[in-house]
Amino acid sequence: MFLHGSVTFPLGAAWVSIMGYLILDLVGWRIMLFLTTVPVFIPPVLMLHFNLADTTGVDSAHNGWRNDNVVENFPVRVIKLSLFQGISKAAGFGIILLQPSLIRKFNMRFSAHHDQGCSAMVKGTQFLVMAAVTGGASLMGRPVCYFLRKVCRFTWLQSIVAAGIALSYGLILINPGIVAESILLWLAMFGFSIQETETWLLMLEPGYYGRQMDLGAAVTLTSAHVGGAIGVTLTGLLNPHLAVAIIVGACSFQALLACTMADGTEE
55 MFLHGSVTFP
65 LGAAWVSIMG
75 YLILDLVGWR
85 IMLFLTTVPV
95 FIPPVLMLHF
105 NLADTTGVDS
115 AHNGWRNDNV
125 VENFPVRVIK
135 LSLFQGISKA
145 AGFGIILLQP
155 SLIRKFNMRF
165 SAHHDQGCSA
175 MVKGTQFLVM
185 AAVTGGASLM
195 GRPVCYFLRK
205 VCRFTWLQSI
215 VAAGIALSYG
225 LILINPGIVA
235 ESILLWLAMF
245 GFSIQETETW
255 LLMLEPGYYG
265 RQMDLGAAVT
275 LTSAHVGGAI
285 GVTLTGLLNP
295 HLAVAIIVGA
305 CSFQALLACT
315 MADGTEE
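Numbers 55 to 321, taken from my numbering, label the letters of the sequence shown in order.
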């Protein structure tokens, strides 16, 4: 899981931006969309077909995964981690559409009035900037979290990270320029990747959800994807600065929420 989170996800996050830089002008957006989505489904199908072990007849009570630990405050843990993960996804996934919006705004500012439609599009090396933010930050943040969580308590680490994400988003409101905005979004994505790794590892802790790990993880992951959908919707449909203000408020609340989660396994 660590290798998946540290390598596979960041490379996938940068895949579309890099392909846009290489082939968009040559093949058009329809073919590029096909080339960047359809091949993604082929490797998992082959991997499942050739590598999935046959578990028929395996006694789950003796396969090393049985957990009879009963967590008394299970509903509280589910609610807290679900809120935490939902806000994290909203802030992280929001960058996917927020950065192109800021780039288009920058391009329109320097384009001729009669040609704003085409000139405002993300193009050229701007795709590489997007790849650096979406993929590069994740590639660095996830391994960093793996080591930080060994020396820093959940409460301190995640409250600081959430506050850092809120600050990075908040500074965008003062219109610091496209270079500074890209750096701020990189820092926010870096923080999101730390949170993402932490919550995944936390859900797999035997003492966090106990014997109801499957239920707790299902609710948490569902909330995470709902939060991601909300984040993308906000940054895609609303004025960028209004969306940023909402995410700043959510991340500020998340920083306070992290302070109540007390070391991840003890609340």
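We treat Cβ as the ideally placed atom computed from N, Cα and C, and that holds for glycine.
With a Cβ-Cβ cutoff of 7 Å, do Gly-264 and Asn-161 count as a contact? no
Starting from Leu-269, trace the alpha helix (DSSP H) in both directions and tell me its first and last residue. 267 to 291
Ile-232 and Ile-157 look like a contact to me (Cβ under 8 Å); what is the Cβ gap, rounded to whole Å? 7 Å
Determine contact between the stretch 197 to 214 and the stretch 237 to 253, defined as no fewer than three beta-carbon pairs at a distance below 8 Å. yes
Host alpha helix (DSSP H) of Pro-230 (start-end): Where Pro-230 is concerned, there is no enclosing alpha helix (DSSP H), given that its DSSP letter is neither H nor E.
Going by DSSP, what residue range makes up the alpha helix (DSSP H) through Met-184? 180 to 185
Where the alpha helix (DSSP H) containing Val-302 begins and where it ends: 294 to 313
I need the DSSP call for Glu-252, collapsed to helix, strand or coil. helix
Give me the Cα-Cα distance between Leu-256 and Ile-133, rounded to the nearest whole angstrom. 14 Å
With 16 other CB atoms within 10 Å as the buried threshold, where does Gly-146 fall? buried
Residue range of the unbroken alpha helix (DSSP H) whose run includes Thr-209: 208 to 226
Cβ-Cβ distance between Ala-278 and Lys-143 below 7 Å: yes
Roughly how many angstroms separate the alpha carbons of Arg-131 and Phe-181, rounded to a whole number? 40 Å
With distances taken Cα to Cα, identify the nearest neighbour of Gln-153 among Gly-245, Ser-236 and Cys-305. Ser-236
Suppose contacts are defined by Cβ-Cβ distances below 7 Å. Is Leu-311 in contact with Phe-128 by that definition? no
Give me, in chain order, the residues of the same chain whose beta-carbon lies closer than 8 Å to that of Met-243; leave out the 5 immediate sequence neighbours on both sides. Gly-146, Ile-149, Val-187, Thr-188, Ala-191, Ser-192 and Gly-195
Less than 7 Å separating the beta-carbons of Ala-324 and Thr-289? Not covered by the structure: residue 324. The range shown for the chain is 55 to 321.
Option nearest Ser-222 by Cα separation, candidates Ala-299, Ser-155 and Thr-314: Ala-299
Measuring straight from C-alpha to C-alpha, what distance separates Met-73 and Gln-266? 42 Å
Taking just the CA atoms, how far does Leu-211 sit from Val-280? 24 Å
Integer Cβ distance of Ser-213 from Ala-309, believed to fall under 8 Å: 5 Å
I'd like to check one pair, Pro-294 with Ser-155: are the Cβ atoms closer than 7 Å? yes
Should Leu-76 and Val-286 be called a contact, given that it needs their Cβ atoms to be closer than 7 Å? no
C-alpha distance - Leu-245 paired with Ala-216, whole-angstrom precision: The question names Leu, but residue 245 is Gly in the sequence shown. Distance between the alpha carbons of Gly-245 and Ala-216 is about 7 Å.
Take Val-273 and list the residues in its own chain whose beta-carbon comes closer than 8 Å to its own, dropping the five residues that flank it on each side. Val-132 and Ser-136
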